[in-house]
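*Asks:*
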DNA sequence: GGATTATTTCTCGACAGTCGAGAAAATCAG
DNA sequence: CTGATTTTCTCGACTGTCGAGAAATAATCC
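Protein chains in written order, with the working numbering: chain A, 27 to 429; chain B, 27 to 429.
#1: Compute the beta-carbon to beta-carbon distance between residue 124 of chain A and residue 111 of chain A, rounded to the nearest angstrom, for a pair I have assumed lies under 8 angstroms.
#2: By the criterion of Cβ-Cβ separation under 7 angstroms, what are the contact partners of residue 290 of chain B in chain A?
#3: So what's residue 363 of chain B in DSSP terms, helix, strand or just coil?
#4: Terminal residues of the continuous alpha helix (DSSP H) containing residue 268 of chain B?
#5: Is the Cβ of residue 64 of chain A closer than 8 angstroms to any Cβ of chain B?
#6: Would you decide whether residue 79 of chain A is buried or exposed? Buried here means 16 or more other CB atoms lie within 10 Å of its CB.
#7: So, at 6 angstroms on beta carbons, what are the nonlocal neighbours of residue 67 of chain B in its own chain, with the 5 sequence-adjacent residues on each side left out?
#8: Expressed to the nearest angstrom, what Euclidean distance is found between the alpha-carbon atoms of residue 185 of chain B and residue 335 of chain A?
#9: To which residues of the same chain is residue 278 of chain B closer than 7 angstroms at the C-beta, ignoring the five residues directly before and after it?
#10: Is the distance from the Cβ of residue 30 of chain A to the Cβ of residue 40 of chain B below 8 angstroms?
#11: Identify, in the order they occur along the chain, each residue of the same chain with its Cβ nearer than 7 angstroms to the Cβ of residue 241 of chain B, setting aside the five sequence neighbours on each side.
#12: Kindly list, in the order they appear in chain A, the residues whose Cβ is closer than 8 angstroms to that of residue 263 of chain B.
#13: Looking only at its chain, what residues have a beta carbon closer than 7 angstroms to the beta carbon of residue 55 of chain B, apart from the 5 residues adjacent to it on each side?
#14: Could you round the C-beta distance between residue 306 of chain A and residue 327 of chain A to whole angstroms and report it? I think they count as a contact, below 8 angstroms.
#15: Compare the beta carbon distance of residue 274 of chain A and residue 304 of chain A with 8 angstroms and say whether it is the shorter of the two.
#16: Under 8 angstroms Cβ to Cβ from residue 214 of chain B, same chain only, skipping five residues before and after it: list those, please.
#17: Could you name the residues of the same chain whose beta carbon sits closer than 6 angstroms to that of residue 363 of chain A, not counting the 5 residues immediately before and after it, in chain order?
#18: Could you confirm whether any beta carbon from chain B is found closer than 8 angstroms to the beta carbon of residue 33 of chain A?
#19: Can you name the start and end residues of the alpha helix (DSSP H) that residue 301 of chain B belongs to?
#20: Verify the CB distance criterion: does residue 246 of chain B have a CB-CB separation below 8 angstroms to chain A?
#21: On the criterion of 16 or more Cβ atoms from any shown chain inside 10 Å, does residue 256 of chain B qualify as buried, or is it exposed?
#22: Would DSSP call residue 351 of chain B helix, strand or coil?
#23: Starting from the Cα of residue 314 of chain A, find the closest Cα among A/285, A/401, A/33, A/161 and give me that residue.
#24: Let me check understanding here. Comparing Cα to Cα, which of B/258, B/48, B/222, B/53 lies closest to residue 181 of chain B?
#25: Sorted by chain position, which residues of the same chain lie with C-beta nearer than 6 angstroms to residue 399 of chain B's C-beta, five sequence neighbours on each side aside?
#26: Reducing DSSP to helix, strand and coil, say where residue 49 of chain A ends up.
#27: Quick check on residue 276 of chain B: does DSSP put it in helix, strand or coil?
#28: Any C-beta of chain A within less than 8 angstroms: which residues of the region 185-212 of chain B qualify?
#29: Using a Cβ-Cβ distance under 8 angstroms, would residue 421 of chain A count as near chain B?
#30: Can you confirm whether residue 344 of chain B, when its beta carbon is compared against all beta carbons of chain A, has any partner nearer than 8 angstroms?
#31: Nearest to residue 338 of chain A by CA position, among A/206, A/369, A/301, A/312, is which residue?
#32: Which chain B residues sit within Cβ distance under 8 angstroms of residue 36 of chain A?
#33: My output table needs one value for residue 176 of chain A: the three-state DSSP class, helix, strand or coil.
#34: Pull out every residue of the region 39-57 of chain A whose Cβ sits closer than 9 angstroms to any Cβ of chain B, in chain order.
#35: For residue 58 of chain A, name the three-state secondary structure that DSSP assigns.
#36: So what does residue 219 of chain B bridge to, in DSSP terms?
Structure follows, in C-alpha cells:
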C-alpha cells in the first residue's frame, strides 16, 4: 500500500535536502545551496528563512571575502541547536561521548565494564547514571539532547522505533530495552545499532562523498572475538540502506564446533578468536568456548603460525575458509560488492587470506563476475563513531524537516 | 544523495495511487476512490478528470443502482488502453500470452522448445516471430503493446533497465539481451524476471490484499530440476520490493558434488532433481549431471523411498538438509519470514520434510525466534502468471502517472 | 571619485497542486 | 410534487516551486 503525497511533504523533503547539503559542506551560500540541491533560488530563500527562524541554521560569523559582486552570506548549522550522546558498548569498556549538532566532540569518558557483575539491571543503572554525568559535566539539561545513539555487537531488534538488544556477546540473550530505560524523562530519540552496521554506514557515506565513484553497495566485516557484518546499499530513492545481518552466527559447517551462542557450526565458532584458539590447541570442538581471549594469546598463536607451526597455521586457514564461504554465501544472496575488513583480527589477515580466497572462490556467481574486492580498513573505532554521528544527525535532521 | 521533490511529483504519486486502487477493485466510485486513497474529494475529481482525458480510465457502462441519493458513477481502467505480452520460458516449452490493460487473457499459445537446437540466436528468431504472430492473431499493432514481460529460471541482470539473462539452465552462460532484441521497433517496455521472483511477487500482492494481516516479508522457494528463490519485502515507503537471490547456486557443502553450473557443492547439486537422482543411485558426486530428469523417474525414486528403500530415502533426506541449511542461512542474512514452497518438487515434500526441518533448526536466530512457517503452495504456474501481470501492469501504471 | 560591471541575494507574480466547504445533481420515499 | 438523501462537482483558500528581474554590494575602470 503506497501512501499519499502532498505539498507539505514536498517541503519536508526539500528542507531535508538543504539540511543534508549544509551538513556535508559545513557552510554554504545561497547560490551554493541552490546548485547542490537543484532547487530554485527562490525556494532556497524560503527554506533557509524558515530554518533560520526555527533556530536550526544561522548566517556564519566569518564571511568569505574576495569576489566581485555582492558578498555571499554563508549559512551553517547552529551547533547549539541540540546535542547527541554516543554510547559504544564493547566487551571490556563502555565509552560515552557528547557532541553538538555540528558533530564536534565536546566531552568523552569511558567506564570499564566489570567482568564479574554481569546482569542487565546493574548495567542499566550504570548506563543511566553515566548519561546524567555527561550532562552535568557540560551543564546541559536533558531536553537539549536530541538523540542517544548506542552501539553494541550482537543482534538488534529490526523494528525501527524499538531499541532492544536481542542477543549480544556481552549480555547473552538477556534482552535490554534502552528506549524503555530512558522513556519518560528523556525527549531524545534513542537508537541502538550493531557496531558493524555503523562501520558500513560510515564507509558508505564516505564512498558517497567521493567523486563520481558511483557507489552502489558495500559490506563491512569485523573480525575479533565475534564476527560482525554490515551491509550498505543504495536504495531506490537514493538513500543509503544499512542492515546488520546475523553473519557471525550463520551456519558454516557442523565441523566448526560449538559456538558460544549455543548452536553448532556458526562462522564465529571457526573464525572468532576463541574458535581459532580452540583449533590451534586441538581442543575438542564441542568444548565450551573461552569467555575471553587476550590479544596477546592470539598474537602468540599467530607468531607460531608465521614460523610454520602446523596446527596454528591450520587454525587460521580454517578461519579464513569459514569467512570465505560465508562471504560467498552472502554475495549469492545479495550481489557482488566490495568487502571491507576491520576489527582487531585484521592483524592476522596475512594468515587468513589464503583460506579466505579459497573459500570465496567456490561459487557460480563469483566465477561469472570475478571475486569481490577485499580490502583491510584499520581504524574501526573511528568508523564506528562516524557511523553513529552519520545516523544520529541524519535522524535529527529529518525530524527537524518533518516538524 | 537524495533527490528534490516538487508539486508535479506529488501529482504523479497521487495519480499512481488512484490507478493502483482502481486496478485492485476493478471499478470504484468517486467517494470510494477518496476513501481508498485518503485523498480529498476535490483532488480525486482533478485526477480522474485528467486520467479520463488521457484515455486511461472511463466511466463504467454498468452503473450500480439502488441507493437513495445521486447515483454513484463507477470509474474503471479502459481495457483497450494498452496490451501486455507475457512470455514464460521453461526448459521444455515457451508460453506466449496476450492480455489487455485490465489483465484479462486474450490469447495464448505454446511452442515446445526443441531440445537439440540450443543456441540463443536461433531462439531469438523464434521469439521475435512468436511475438509478431501474437499480434497478428489479435489484429494489433506493435505500438499498442505497452509491456513485454518475460520470465525464465536463472540469473537476471539486476540493472532495472536491462533485460539480460546472465545465466540460465536453458541457455547456460550464453547471455541473451531481450531489450536489445526488440529495441527499435517496439515501444513496449521489456522486462525480464526470474520465475520464482514472480511467485514471490504474486504471493506478496495476495498477502497485501488480505485483511490487516500486516505483511512484512516472505520467501518463495521453487523445487524442481533447479532450485529458485524469490524474496518479497515491504520497503520503507510501503512498496513491495522483490529480489531473486542466487539461492540454487549458493554454496551448501562440498559433499554435495558437482553442479551443472560447473561449481561444486551448490544447493541445487544436492536438492535439484538431478542431485537427488545421483544420490539415490549412488553415482559418484563428481559425475556430470543429467541434462534432464523425467518426472516419472523421480516418481519411481520417491515410491521406493516411501517403501523404505534406504538410498532413495537418504537422497531425499540429503536434499531436504541442503534446502534447510540454505533457508537457515538465508534467514540469518535477512530476517524471519514465512516460506512458501512451490514447483514440481513439492510432490516429494513428505520425503524432504525431515531433512529440511533438521537443516533449518541449526542456528541461533531460529532458536531465539522459533522456526519459520513453511507451507506448500501448489499452482506455481498461475502464481508466475499473476506475478507477471502484477509487475507489468504496475510498471505501466507508474509510467502513465509519470507522463 | 564616480560610473560601470559582476555577482549574489531577495522579492514578486505565475503556476501547479491539495483541501474543505458548500453548491449542484440525481434519485427515492411519501 | 416535495423533501430527504447521497454523490459529484466547483470555488476559493492555502502551500509550495519556479523564473525573472529588482535590489544590494563590492571590485574595477577611467
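Note that beta-carbon positions come from the ideal geometry of N, C-alpha and C, so glycine has one too. This one's a predicted model, so the numbers in the text were calculated from it and none came from an experiment.
*Replies:* Quick answer:
#1: Translated into positions along the first chain, residue 124 of chain A becomes position 98. Translated into positions along the first chain, residue 111 of chain A becomes position 85. Right, the Cβ-Cβ distance comes to about 6 angstroms (below 8 angstroms), so this counts as a contact.
#2: Mapped onto the second chain, residue 290 of chain B falls at position 264. Those within 7 angstroms of residue 290 of chain B in chain A are 388.
#3: Within the second chain, numbered from 1, the residue matching residue 363 of chain B stands at position 337. Three-state DSSP puts residue 363 of chain B in coil, outside helix and strand.
#4: What you label residue 268 of chain B is simply residue 242 of the second chain in a count that begins at 1. Note, residue 268 of chain B: premise wrong, no alpha helix (DSSP H); beta strand (DSSP E) at 266-269.
#5: Start at 1 with the first residue of the first chain, and residue 64 of chain A comes out as number 38. So, interface residue.
#6: Numbered from its first residue, the first chain carries residue 79 of chain A at position 53. Residue 79 of chain A comes out exposed.
#7: Here residue 67 of chain B corresponds to residue number 41 of the second chain, with the count starting at 1. If we look at residue 67 of chain B and ignore the five residues flanking it on each side, its Cβ neighbours are 60.
#8: Here residue 185 of chain B is taken as the residue at index 159 of the second chain, counted from 1. Here residue 335 of chain A is taken as the residue at index 309 of the first chain, counted from 1. About 48 angstroms.
#9: As a first step, residue 278 of chain B must be located in the second chain, where it is residue number 252. The residues are 291, 292, 293, 296, 348, 351, 352.
#10: Start at 1 with the first residue of the first chain, and residue 30 of chain A comes out as number 4. Start at 1 with the first residue of the second chain, and residue 40 of chain B comes out as number 14. A contact, by the Cβ cut-off of 8 angstroms.
#11: Walking along the second chain from the start, residue 241 of chain B turns up at place 215. Closer than 7 angstroms at Cβ, skipping near neighbours: 230, 233, 234, 260.
#12: If you number the second chain from 1, residue 263 of chain B lands on position 237. Result: 28, 29, 263.
#13: Here residue 55 of chain B refers to the residue found at position 29 of the second chain. Correct list, in chain order: 98, 99, 100.
#14: In the first chain, residue 306 of chain A corresponds to position 280, counting from 1. In the first chain, residue 327 of chain A corresponds to position 301, counting from 1. Yes, residue 306 of chain A and residue 327 of chain A are in contact; Cβ-Cβ is about 5 angstroms, under 8 angstroms.
#15: Translated into the one-based positions of the first chain, residue 274 of chain A becomes position 248. Translated into the one-based positions of the first chain, residue 304 of chain A becomes position 278. No, the Cβ-Cβ distance between residue 274 of chain A and residue 304 of chain A is not below 8 angstroms.
#16: For the purposes of this step, residue 214 of chain B is taken as residue 188 along the second chain, with counting starting at 1. Result list for residue 214 of chain B: 111, 168, 171, 172, 173, 174, 208, in chain order.
#17: On the first chain, residue 363 of chain A is found 337 positions in, with the first residue counted as 1. Only 243, 244, 245 meet the Cβ criterion.
#18: The count along the first chain starts at 1 and reaches residue 33 of chain A at position 7. Interface residue, yes.
#19: Here residue 301 of chain B refers to the residue found at position 275 of the second chain. First-last of the alpha helix (DSSP H) with residue 301 of chain B: 299-306.
#20: Residue 246 of chain B sits at position 220 when you count from the first residue of the second chain. It does not; no Cβ of chain A falls within 8 angstroms.
#21: Within the second chain, the letter at position 230 stands for residue 256 of chain B. Result: buried.
#22: Position 325 of the second chain holds residue 351 of chain B. Here residue 351 of chain B sits in helix by DSSP.
#23: The residue given as residue 314 of chain A occupies position 288 in the first chain. For residue 314 of chain A, the nearest C-alpha among the options comes from A/285.
#24: Position 155 of the second chain, counted from the first residue, corresponds to residue 181 of chain B. The candidate whose alpha carbon is nearest that of residue 181 of chain B is B/222.
#25: Numbered from 1 along the second chain, position 373 holds the residue referred to as residue 399 of chain B. 364, listed in sequence order.
#26: Taking the first chain and counting its residues from 1, one reaches residue 49 of chain A at position 23. Residue 49 of chain A: helix per DSSP, three-state reduction.
#27: Counted from its first residue, the second chain places residue 276 of chain B at position 250. Three-state result, residue 276 of chain B: coil.
#28: 192, 193, 199
#29: Counting from 1 along the first chain, the entry for residue 421 of chain A is found at position 395. So, not an interface residue.
#30: Translated into positions along the second chain, residue 344 of chain B becomes position 318. It does not: the Cβ of residue 344 of chain B has no partner Cβ on chain A nearer than 8 angstroms.
#31: What you label residue 338 of chain A is simply residue 312 of the first chain in a count that begins at 1. Answer by Cα proximity: A/301.
#32: To locate residue 36 of chain A, count along the first chain from 1; it is residue 10. Here the neighbours are 31, 32, 33, 35, 36.
#33: The residue you call residue 176 of chain A lines up with position 150 of the first chain. It is a strand residue.
#34: 39, 40, 42, 43, 46
#35: In the first chain, the residue the question calls residue 58 of chain A occupies position 32. In this structure, residue 58 of chain A counts as helix in the three-state DSSP scheme.
#36: Counted from its first residue, the second chain places residue 219 of chain B at position 193. Looking at the DSSP assignment, residue 219 of chain B forms a beta bridge with B/177.
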